[in-house]
Amino acid sequence: MRRHSLLLALLLTIVSSAHAGLPRALPEGEQPNDVRLGPPENLNGYFPFHQVESVDAWPARQAEIRRRILVSQGLWPLPTKAPLNPVIHGRVDRDDYTVDRVFFESIPGHYVTGSLYRPKGTSGPYPAIISPHGHWQDGRFYDHGEKKLHEEIAIGSERFDPGGRFPIQARCVQLARMGCVVFQYDMTGYADSIQLKHRPDDWKHLDRLNDWGFMSVQAELRLQNMMGLQTWNSIRALDFILSLDDIDTTRVGVTGASGGGTQSMLISAIDDRITAAMPCVMVSTAMQGGCTCENAPLLRINQGNVDIAAATAPRPLGLTAADDWTRELKTKGFPDLVKLYEMLGHPDRLTAAFHTEFGHNYNHVNRTVMYGFFNRHFNLGFEEPVLEREYKPLSREEATVWTEEHPAPSGHQVGDAHEIGLLQIATHDSDEMIEALIPRNKNQQAEYRRVIGGAWETILGRQLDDVGDIEFELVLEEERDGYLLMTGLVSHTSAHEQLPALFLYPQENWNGRVVLWFTDEGKNGLLDGDKPIKSVQELLDAGVTVASADLFGQGEFNADGKPPAHQQMWFQQDGKSGWQTFVGYTFGYNHPIFVRRAHDVLTMLAFTRRHEKQPKAIDLVGIGNEAGSVVVAARSQAGDAISTTSVDLGNFSFGDLTRSDDPMFVPGAVKYLGVDGLVSLCPPQSTIVARKTPLRVSQAVASGNPATVPIGGPALPLQTATAEDLIDRLVTSLTAVPPAPPAN
């Protein structure tokens, strides 16, 4: 095959030929060679670590990982921290430690429940450790049972009877005996956390435009998910333990296994108050976590659990592996972490144990590794190995926080009513915080762009400078009436993506300007039969090149010629239970169609911009209910590469979507102001928008205090009422003046 660049192709001998139908870049029935047409990525894939090249590069990569976590959990920006209103009661006194029952409000009316272990016979300040339990039956109340315990003792996994029957209690007891204050808290739906189920078997009845619940379309458009609730509970658990008056805030740890390992690495990644973390039997390049509390849209795009754990660096990090999905950690993932810690100058802060002779566990063998880890990094002064001693486990009656004096939540405090109310609080709080960010003067712009712009950077996942190597294959050249028609394949080889493209080039009077014009119909939206549409012809007559492409899911991407009616989804297990259809299983690992199309616009822009005979000016046009919003999204990530942007937004609104598999569905879009938010991230002086309703952000900006430095008035995007007005203005402006350099 011949490989050509666009302008080199113009120097070739023009070949005229007659072709029936609309021009194609591929034979009829053939689809682009594009990895996105394959099966979606999922939690059972391979997730290697993304190594950085230098010490100086690590802070930026670490910040990228943290922001992706926070955005995915609906915690960017962090919600308002309401008073915890903690209740500590019902102390149980043991020989050298005590256990208190605790509950507090992570969100008004929503309780985090747990057990607070304290050392006896010593004075503070004490190291503090929070400990999520993981997916063991009944969580904090977990009991191996006598038969299972004897099996564990026989293989060397546990040591004591009855203490080994309660391995989740055992670690808290030993850490308290070592002089630490430990708060072990319940995951949602486990033990005393009874207000919501851990994962629902049915949620469709709460999938509605108002009064919605978790997993609904409206919740996902706002990134309200069960994982985010659990992560928020971890943040508030940290707030709680650090509010105690005898805590050493320089020695704060977290440890948990399985799902508790997921929560441990997440809280350590996003919260620097954690000074040492030991997430167990969860960090690996293989399976990433199967529960809804371990998955969220956006979370594992361009990162996996090894990256998330690495975000703790250079703080101390401990890991364990078992005969489960972590069995290859020693050779896959851990060596990368060793290199990172060595590069950062702290190889002694990384610990790992690979006891793959045991199944999935947080057994005595691995707990002993953990005790040594905290002993060293918290300077506890014990000889190693630090071994457990027998203890008297808490009965369920001694452990539960709900008593006659402190009755368990009931009525509207549990179930659907509580879930709806919880998300109403979250929505109101988020809306108020986002509204307050909308700038009324120039001094407020930086924070708006950090939060809203940063969120959209994460959601869209690619900027113009991120576009890698591009190749072009010329397929067809035809001399038409005063212009050259070419089709070809634009391949973003670094991403394994390929676009069928169309180029209309004025034969004799090209003025150096290129308009990249995208429509809902794909590249053939430039044509009316075998001729350019009127506005495109006018641009050609004025010496402007016009190009387009079939964006993902358009035109030649569709074997049957029909655009996709829905996105390809991936469900956990057989997809029969409600929780198994959670969209986080798809969009936690894959970009939605809307975002992929924005990537394609950036690919076309990078291809045009990089040519050795660079155009003097590049303009973007998006016409249609879908294409206009896609082009705005791409423009928001294009820096100073564009001269003007003209988009028809039609009547599209993310908030009107009713299906999470809708081709226009984007997780988090409504939370971050939807299309209005995207428009606000484009240079206003060079952006023209067709929409009948006012732009929300522009209205707020225009209402700014005139006594401050204004950014309203002429600096706002120009609005027209219809797409026809938009196109007329575009054609008039581009045919009347010579091309100007791109506007910043």
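Each step along the sequence shown adds one to the number in the numbering used here, with nothing skipped, and position 517 is 693.
Ideal placement from N, C-alpha and C gives every residue a C-beta, glycine not left out.
Judging by CA-CA distance, which residue of the options is the nearest neighbour of residue i?
i	options	result
residue 384	833, 355 and 901	833
residue 855	262, 632, 505 and 538	632
residue 674	211, 704 and 300	211
residue 696	742, 650, 598 and 798	798
residue 420	640, 262, 714 and 648	262
residue 778	268, 727, 558 and 749	727
residue 837	394, 264 and 332	394
residue 589	285, 895, 206 and 279	285
residue 497	534, 912 and 730	534
residue 575	821, 348 and 680	348
residue 435	517, 316, 845 and 505	316
residue 302	255, 332 and 429	429
residue 819	792, 808 and 565	792
residue 456	258, 859 and 531	531
residue 599	396, 895 and 201	396
residue 581	206, 265 and 557	265
residue 231	518, 607, 595 and 597	518
Hey, residue i and residue j are a contact pair by Cβ (cut 8 Å); roughly how many whole angstroms apart?
i	j	result
residue 413	residue 554	So it is not a contact: roughly 18 Å between Cβ atoms.
residue 853	residue 829	Rounded, the Cβ-Cβ distance is 12 Å, inconsistent with contact.
residue 415	residue 366	The pair is not a contact, with the Cβ atoms about 21 Å apart (cut-off 8 Å).
residue 343	residue 320	7 Å
residue 432	residue 536	So it is not a contact: roughly 13 Å between Cβ atoms.
residue 592	residue 382	6 Å
Which stretch, first to last residue, makes up the beta strand (DSSP E) that contains residue i?
i	result
residue 335	First-last for residue 335: undefined, no H or E at that position.
residue 439	Per DSSP, residue 439 belongs to no beta strand (DSSP E); it is in the alpha helix (DSSP H), 435-446.
residue 667	659-668
residue 822	821-824
residue 693	689-695
residue 579	Counting along the chain, residue 579 falls outside any beta strand (DSSP E), and DSSP gives it neither H nor E.
Alpha carbon to alpha carbon, what distance is there between residue j and residue i?
i	j	result
residue 437	residue 242	17 Å
residue 561	residue 545	8 Å
residue 672	residue 409	40 Å
residue 764	residue 568	43 Å
residue 398	residue 282	19 Å
residue 873	residue 614	7 Å
residue 407	residue 443	7 Å
residue 273	residue 772	56 Å
residue 371	residue 585	7 Å
residue 906	residue 253	38 Å
residue 238	residue 423	28 Å
residue 723	residue 847	33 Å
residue 218	residue 245	17 Å
residue 199	residue 648	17 Å
residue 733	residue 698	10 Å
residue 735	residue 213	11 Å
residue 270	residue 538	23 Å
residue 839	residue 767	11 Å
residue 909	residue 658	22 Å
residue 887	residue 815	Only weak support is given to the placement of residue 887: the predicted model assigns it a pLDDT of 41, under 50, and the value that follows is read from those uncertain coordinates. Going from the Cα of residue 887 to the Cα of residue 815 covers about 19 Å.
residue 617	residue 628	16 Å
residue 462	residue 500	10 Å
residue 551	residue 775	49 Å
residue 540	residue 459	19 Å
residue 208	residue 668	12 Å
residue 330	residue 573	30 Å
residue 351	residue 445	23 Å
residue 644	residue 770	20 Å
residue 654	residue 603	55 Å
residue 912	residue 714	11 Å
Can you give me the start and stop residues for the alpha helix (DSSP H) that residue i sits inside?
i	result
residue 650	Premise fails: residue 650 lies in the beta strand (DSSP E), 646-655, not in any alpha helix (DSSP H).
residue 769	769-786
residue 909	899-912
residue 553	540-553
residue 570	Neither: residue 570 is in no alpha helix (DSSP H) and is coded neither H nor E.
residue 463	That residue, residue 463, is in no alpha helix (DSSP H); it is neither H nor E in DSSP.
For chain C, check one thing: does any of its Cβ atoms lie closer than 8 Å to the Cβ of residue i?
i	result
residue 245	No chain C is present in this structure, which holds just one protein chain.
Query raised in the report: Okay, do the segment 500-515 and the segment 803-820 touch, 3+ Cβ pairs below 8 Å being the bar?
Result: Look at the beta carbons and you see the segment 500-515 not touching the segment 803-820: under three pairs across the two are nearer than 8 Å.
Query raised in the report: Do the segment 384-404 and the segment 758-768 make contact, defined as three or more Cβ pairs closer than 8 Å?
Result: Under the Cβ criterion (8 Å, minimum of three pairs), the segment 384-404 counts as touching the segment 758-768.
Query raised in the report: Should the segment 222-236 be regarded as contacting the segment 470-490, the criterion being three or more beta carbon pairs within less than 8 Å?
Result: Enough Cβ pairs lie closer than 8 Å, so yes.
Query raised in the report: Any contact of the segment 683-702 with the segment 741-753, i.e. 3+ C-beta pairs under 8 Å?
Result: Of all C-beta pairs linking the segment 683-702 to the segment 741-753, fewer than three are shorter than 8 Å, placing the two stretches out of contact.
Report task. Evaluate the contact criterion for the segment 279-294 versus the segment 356-371: three or more CB pairs, one atom per stretch, below 8 Å. Result -> Touching, yes, given that three or more Cβ pairs across the two stretches are closer than 8 Å.
Query raised in the report: Does the segment 658-668 come close enough to the segment 622-642 to have 3 or more Cβ pairs within less than 8 Å?
Result: The count of Cβ pairs closer than 8 Å, one atom from the segment 658-668 and one from the segment 622-642, stays below three, leaving the stretches out of contact.
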